[in-house]
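K.L.:
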Amino acid sequence: MASVNKVILVGNLGADPETRYLPSGDAVTNIRLATTDRYKDKQSGEFKEATEWHRIAFFGKLAEIAGQYLKKGSSVYIEGRIRTRKWQDQSGQDKYSTEIVADQMQMLGGRQGGQSGGDDNGLDEGGNAGQRTGGAAQGHRQSQRHAGQQPAGGYGGGGAQRDGFDQFDDDIPFAAPLALDGIPFRR
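The sequence shown begins at 44 in this note's numbering and counts up one residue at a time.
1. With DSSP run on the structure shown, which of helix, strand or coil describes E107?
2. Measuring CB atoms only, is the region 47 to 58 touching the region 110 to 126, in the sense that at least three cross pairs come out at less than 8 angstroms?
3. Kindly indicate which residue of V71, I125 and R126 has the alpha-carbon position closest to the one of A109.
4. For I125, collect the residues of the same chain with a Cβ closer than 7 angstroms to its Cβ; drop the 5 residues on either side in sequence, then sort them by chain order.
5. Determine the extent of the beta strand (DSSP E) in which S134 is found, giving its start and end residues.
6. Near E61, what residues of its chain come up, given a Cβ to Cβ distance below 6 angstroms and the 5 sequence neighbours on each side ignored?
7. Relative to the C-alpha of K115, which residue among L65, M150, R63 and K129 is closest?
8. Let me know if M148 comes out buried or exposed under the rule of 16 or more other beta-carbons within 10 Å of its beta-carbon.
9. Under the three-state reduction of DSSP, which class applies to G173: helix, strand or coil?
10. Using 8 angstroms for Cβ pairs, my map puts H97 next to T127. What's the rounded Cβ distance?
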């Protein structure tokens, strides 16, 4: 039977990303991501929270993007796999570290830092856009198209007229959901 090693997390960064480069020149970015479970205490009837911290590692182009655009407090969706590493401390003792190796990232929470054309979302480990699209990824894809072709759709503003809605190139506001499965979101 086949096995599956798949992790999906949505959370907030607890600190700014740490980016370093391997001798090969490849980027590695590490973040600490907090996820919070909300539940109702059966005895008291009160809603409680339990926060779990995760070590996330990005490699290659995705590491460069994560290091550039993520910051402390950023909300992010991550897909990846669990990896446990064995290493030795200074005294020679074997130590183990479990982390998530991210292969996809989706920035959440709207524009930050004055980026134009939307968020730099929907990037996989090669820095390529997956099904999720966004500003920098869309711009990269558009630069690869033949001259004169217009995108069929997408996010972000632009000078091109699209179906008579050229005056509406701003972000469209959507109401945030108030609850998931009857459990209210913290505001």
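All C-beta atoms, glycine included, are put in the ideal place defined by N, C-alpha and C. Quantities reported herein were computed from a predicted structural model and do not represent experimental measurements.
P.N.:
Let me lay it out:
1. helix
2. yes
3. For A109, the nearest C-alpha among the options comes from V71.
4. N48, V50, T141 and I143
5. Neither: S134 is in no beta strand (DSSP E) and is coded neither H nor E.
6. Within the same chain, E61 has close Cβ partners N73.
7. M150
8. buried
9. Residue confidence for G173 is low, a pLDDT of 41 falling below 50, so the modelled location carries little weight and cannot support an answer.
10. About 13 angstroms separates the two Cβ atoms, so there is no contact after all.
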